[in-house]
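**Q** Residue numbers (the numbering used here): 68 to 184.
Here a beta-carbon is modelled for each residue, glycine too, at the ideal position from N, C-alpha and C.
Keep in mind it's a predicted model, so treat the numbers as computed, not measured.
Structure incoming, see below.
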């Protein structure tokens, strides 16, 4: 099980690097304060790279420890991707999932790439 999770995390990191900041078109951004700190939730359309037309759903956790990827977070990500949908009415399919400390912000990031092909 751990090896499968490691493979998925490595794939997520490589996919995230395929879509640069200029290849992402921000659709929604919400912020909420929690007892532990702020959580910023984003959905972006991927404009370039191998997943062009797909969605990137992410949460940025601005607190001092990592956030485990829980079933509730996965359900939230899937629901947000379904609400946004794909061009042409196709259902988005989760392709990768990763959790890591962000390169550009001092937040723990959980990110999922949804394929719309």
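Could you tell me whether the region 125-132 touches the region 146-162, using the rule of 3 or more Cβ pairs below 8 Å?
**A** Taking 8 Å as the limit for Cβ pairs, the verdict is that the region 146-162 does not touch the region 125-132.
**Q** How is the alpha helix (DSSP H) around residue 148 delimited, first residue to last?
**A** For the purposes of this step, residue 148 is taken as residue 81 along the chain shown, with counting starting at 1. Looking at the DSSP string, the run of the alpha helix (DSSP H) that includes residue 148 is 138-151.
**Q** Would you decide whether residue 110 is buried or exposed? Buried here means 16 or more other CB atoms lie within 10 Å of its CB.
**A** Translated into the one-based positions of the chain shown, residue 110 becomes position 43. Buried, by the Cβ-count rule.
**Q** On the DSSP bridge list, what partners appear for residue 104?
**A** As a position in the chain shown, residue 104 is number 37, starting the count at 1. DSSP lists no partner for residue 104.
**Q** Kindly indicate which three-state DSSP category residue 154 falls into: helix, strand or coil?
**A** Taking the first residue of the chain shown as position 1, residue 154 is located at position 87. Helix at residue 154.
**Q** For residue 158 and residue 97, what's the separation of their Cα atoms in angstroms?
**A** Walking along the chain shown from the start, residue 158 turns up at place 91. Walking along the chain shown from the start, residue 97 turns up at place 30. Each residue's alpha carbon lies about 23 Å from the other.
**Q** One question on the structure: do residue 182 and residue 115 come within less than 8 Å of each other, judged by their Cβ atoms?
**A** Working through the chain shown from its first residue, we reach residue 182 at position 115. Working through the chain shown from its first residue, we reach residue 115 at position 48. No; because the gap between Cβ atoms is not below 8 Å, this pair is not in contact.
**Q** Excluding the 5 residues preceding and the 5 following residue 103 in the sequence, name in chain order all residues of the same chain whose CB lies nearer than 7 Å to its CB.
**A** Along the chain shown, one-based indexing puts residue 103 at 36. Same-chain partners within the cutoff: 130.
**Q** Closest to residue 106 by C-alpha separation, out of 94, 133, 93, 113, would be which residue?
**A** Taking the first residue of the chain shown as position 1, residue 106 is located at position 39. Closest option to residue 106, Cα to Cα, is 133.
**Q** Across which residues does DSSP place residue 118 in a beta bridge pair?
**A** Indexing the chain shown from 1 puts residue 118 at position 51. Its beta-bridge partners do not exist; DSSP assigns none.
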